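Student: The structure that follows is given in the form of structure tokens.
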Amino acid sequence: MLLCDVCGNEIGARIVFCPFCGIKQERELVCKKEYIQRLVNLEHGLPFVEAALKRLDRAVLEAGQQGVTQLTLIHGYGSSGKGGVIREESRKMLDFMWMNGELKKIVFGEDFTKSSGEVRDLIRRYPILGQDRNLNKANRGITLVFF
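When we follow my numbering, the leftmost residue of the sequence shown carries the number 317, and every step to the right adds one.
Below, the structure written as structure tokens:
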């Protein structure tokens, strides 16, 4: 239910003229997409790189089909101290998917901070994202993907 722009009475979302005051409603009928978030652990079970990339590809495909808004991928940072192979290869694959138009936005965990203009824009669009436990943690072991 929505409120009439003039009299404030509750009216149906698709009502053009208020049944109480008769005034035409000037709002746009916009259906907001529900915010659906998924978490996928690419390093679960300590897979080889190929298995992790297949898991990533399947997760992105399923998320797109299911109308998921945001996917948080856990790829780990690696034990070398300079980033693991799964992390590097999954980010290359995500960049390729983004360039092909399969993804709207990619935010690396280390860039997921309120000081980033891109992240502030995402939080304005999806306010619940401001409560994400990874926000401002500079977590190099995750990547956020938006559809």
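C-beta: ideal position from N, C-alpha, C; glycine also. Note that this is a predicted model, so its numbers are computed, not measured.
1) Answer with buried or exposed for R449, where buried requires no fewer than 16 other C-beta atoms within 10 angstroms of its C-beta.
2) Among the candidates D373, S406, R330, N416, whose CA atom is the shortest distance from the CA of I458?
3) Considering only DSSP beta bridges, list what E326 is partnered with.
4) Residues in the same chain with beta-carbon distance under 7 Å from W414, minus the five sequence neighbours each way, listed in chain order, please.
5) Pairing CB atoms from the region 351-364 with CB atoms from the region 382-389, are three or more of them under 8 Å?
6) Measuring CB to CB, does E359 end up less than 8 Å from A368?
7) Mark L410 as exposed unless 16 or more other C-beta atoms lie within 10 angstroms of its C-beta, in which case mark it buried.
8) According to DSSP, what are the bridge partners of I390?
9) Compare the beta carbon distance of L451 and K430 with 8 Å and say whether it is the shorter of the two.
10) Which residue wins for smallest C-alpha separation from K340, given the options E350, E378, D321, A329?
11) Just reading off the alpha helix (DSSP H) that K370 is part of, what are its end residues?
12) Which same chain residues end up closer than 8 Å to E342 when comparing Cβ atoms and leaving out the 5 residues on each side of it in sequence?
Tutor: With the structure as the only source:
1) On the sequence shown, position 133 is the one that residue 449 refers to. Classification of R449: exposed, given that the 10 Å Cβ count is below 16.
2) To locate residue 458, count along the sequence shown from 1; it is residue 142. Comparing Cα-Cα distances from I458 to each of D373, S406, R330, N416, the minimum goes to S406.
3) Locating residue 326 in the sequence shown gives position 10, where the first residue counts as 1. According to DSSP, E326 bridges with L319.
4) Along the sequence shown, one-based indexing puts residue 414 at 98. Here the set comprises I422.
5) yes
6) For the purposes of this step, residue 359 is identified with residue 43 of the sequence shown, where counting begins at 1. For the purposes of this step, residue 368 is identified with residue 52 of the sequence shown, where counting begins at 1. The answer is yes: Cβ separation under 8 Å.
7) Along the sequence shown, one-based indexing puts residue 410 at 94. It counts as buried.
8) Position 74 of the sequence shown, counted from the first residue, corresponds to residue 390. According to DSSP, which records beta bridges pairwise, I390 is partnered with N357, I458.
9) Start at 1 with the first residue of the sequence shown, and residue 451 comes out as number 135. Start at 1 with the first residue of the sequence shown, and residue 430 comes out as number 114. In contact: L451 and K430 (Cβ atoms closer than 8 Å).
10) Locating residue 340 in the sequence shown gives position 24, where the first residue counts as 1. Considering only alpha carbons, the answer is D321.
11) Counted from its first residue, the sequence shown places residue 370 at position 54. Taken as a continuous stretch (DSSP letters only), the alpha helix (DSSP H) holding K370 covers 365-381.
12) Here residue 342 refers to the residue found at position 26 of the sequence shown. Excluding positions up to five away in sequence, the list reads D321.
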